[in-house]
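Structure first, commentary second.
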Amino acid sequence: MKSILLSGIFVLGLSAAAYAQEAVIGAILPLSGSSATQGEDQRRGMELALEKINADGGVLGHPLKIVTEDSGGRTATALDAAKKLVTVDKVPVVLGEFSSGITIPIAQYLLQQDRVHINIGSSSTQIRTLGKGAFSVIGLDDVSGAFAAQDVFADGAKKVAVIAPNNAYGQGITNAFAAKFKSLGGVITSTVLYTEGQTTYRRELQQLAAGEPDLYVYTAYGKESATINRESFELGLNDKKWYGLYLTMCTADSDAQYVEGQIGMDLNYIGGNGADYQKAYEAKFKGSFTSTFNGFAYDGVMLVAAAINKANSLDPKKIETAIADIGKSYEGVTGPIVLDADGQRSAQPYLRLKVESGKAVATQ
15 MKSILLSGIF VLGLSAAAYA QEAVIGAILP LSGSSATQGE DQRRGMELAL
65 EKINADGGVL GHPLKIVTED SGGRTATALD AAKKLVTVDK VPVVLGEFSS
115 GITIPIAQYL LQQDRVHINI GSSSTQIRTL GKGAFSVIGL DDVSGAFAAQ
165 DVFADGAKKV AVIAPNNAYG QGITNAFAAK FKSLGGVITS TVLYTEGQTT
215 YRRELQQLAA GEPDLYVYTA YGKESATINR ESFELGLNDK KWYGLYLTMC
265 TADSDAQYVE GQIGMDLNYI GGNGADYQKA YEAKFKGSFT STFNGFAYDG
315 VMLVAAAINK ANSLDPKKIE TAIADIGKSY EGVTGPIVLD ADGQRSAQPY
365 LRLKVESGKA VATQ
């Protein structure tokens, strides 16, 4: 398990123990493994947030620091990281992870330890049931699934087949999509929940095609998305439209030829307050966003810093109270963030995208 200390710079392998009297929080991200593209982009958002916070004076008179642990995309590793952050680094707040199936157990552990958890990238509706001390700066799947279903139906597809990972995220978003799509009068010809880590998904794709849908709906990330996109292309399934749930995530690790023309929805990841942030990102990292998730990591860190200053304390309970208060109306780079009674973002704007010349571009 690799630790990274963020304080405007990154130092590999450096213990955070020496900073116990300073303002230190924790993060768990998939910096390696199948979701490394998204995890690295989350890290970038956090780095920019730290630069902004510390340039403005830090928190409680100290520079803010983040001890970041690499989950490797594995639940056991993430739980070990959470335990280290609590028992060794003694942080009051932890942000992360990316995959819902990892975010949920680490959040449960953190809440048991009376720490605050900030969800910056997961969308399973199970997150809503975590309880006090758990907050999300990103919208959940009950909202995104319904948006996608309306979008697909409005596009003219009345029969669709759905493929998603067999985990908390995949199950949640497919259920939300199906419920809304059926309520509109649509038909789900088949739903395939695949096991992650396979070398091929041809059998699942053939099963998907058997019902002769008008359109394929899918969600995937990392090497699984790359394999699914390549094999669906090789099987000739791209003769019909493919709709990606979180399209940039679905296509980020795939060759352009396999995803050209795909449509889908994604997070509206830059609000009216985000133009300067986008410029700062592009200047620092010499290119455009590699996912839609960096801004939520940025907003999560900024929200925590504001809460620490408001609470005038690093006590988790005081920070929790401050987050709930600030979260009644907070303007982030991803747009307005309003936290409901469960600590969840109550409204999340989305975009409709299409892959053109290898890039996902907004169509509305």
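Residue numbers (the working numbering): 15 to 378. Glycine included, every Cβ here is placed at the ideal spot set by N, Cα and C.
So what's residue i in DSSP terms, helix, strand or just coil?
{"i": "P363", "result": "coil"}
{"i": "S327", "result": "coil"}
{"i": "I132", "result": "strand"}
{"i": "A374", "result": "strand"}
{"i": "V102", "result": "coil"}
{"i": "T233", "result": "coil"}
{"i": "P119", "result": "helix"}
{"i": "L222", "result": "helix"}
{"i": "I23", "result": "With a pLDDT of 36 at I23, under the threshold of 50, the modelled position of this residue cannot be trusted; read the value that follows with caution. Here I23 sits in coil by DSSP."}
{"i": "V73", "result": "strand"}
{"i": "Y291", "result": "helix"}
{"i": "K173", "result": "strand"}
Please look up how many angstroms separate the CB atoms of residue i and residue j, rounded, as I've assumed it's under 8 Å.
{"i": "S114", "j": "N189", "result": "Not quite, the Cβ-Cβ distance comes to about 13 Å (not below 8 Å), so this is no contact."}
{"i": "V206", "j": "I177", "result": "4 Å"}
{"i": "S158", "j": "Y364", "result": "7 Å"}
{"i": "G236", "j": "D267", "result": "6 Å"}
{"i": "T89", "j": "P44", "result": "That pair is no contact at about 11 Å."}
Hey, out of the options, whose CA is closest to residue i's CA?
{"i": "W256", "options": "D356, Y230, T377, T304", "result": "Y230"}
{"i": "I337", "options": "Y260, A148, G275", "result": "A148"}
{"i": "T304", "options": "I118, M263, V174", "result": "M263"}
{"i": "G40", "options": "K97, V108, V347, G285", "result": "V108"}
{"i": "Y272", "options": "Q164, K373, N282, A121", "result": "K373"}
{"i": "A175", "options": "L154, K97, A192, D156", "result": "A192"}
{"i": "E210", "options": "S204, D228, D313, G184", "result": "G184"}
{"i": "A355", "options": "D269, T143, L74, S239", "result": "T143"}
Specify, as a first and last residue, the run of the beta strand (DSSP E) that residue i falls within.
{"i": "S150", "result": "148-150"}
{"i": "G258", "result": "255-259"}
{"i": "G86", "result": "Element bounds for G86: n/a, residue is neither H nor E."}
{"i": "E345", "result": "344-346"}
{"i": "G40", "result": "37-43"}
Could you tell me the distance, in whole angstroms, from the CA atom of residue i to the CA atom of residue j?
{"i": "Q127", "j": "V100", "result": "8 Å"}
{"i": "I340", "j": "A297", "result": "30 Å"}
{"i": "L93", "j": "E65", "result": "28 Å"}
{"i": "K196", "j": "I202", "result": "8 Å"}
{"i": "P330", "j": "V130", "result": "6 Å"}
{"i": "L222", "j": "D313", "result": "38 Å"}
{"i": "L328", "j": "I322", "result": "6 Å"}
{"i": "P77", "j": "A240", "result": "40 Å"}
Let's see if you can read the secondary structure: which residues bound the alpha helix (DSSP H) around residue i?
{"i": "T188", "result": "182-197"}
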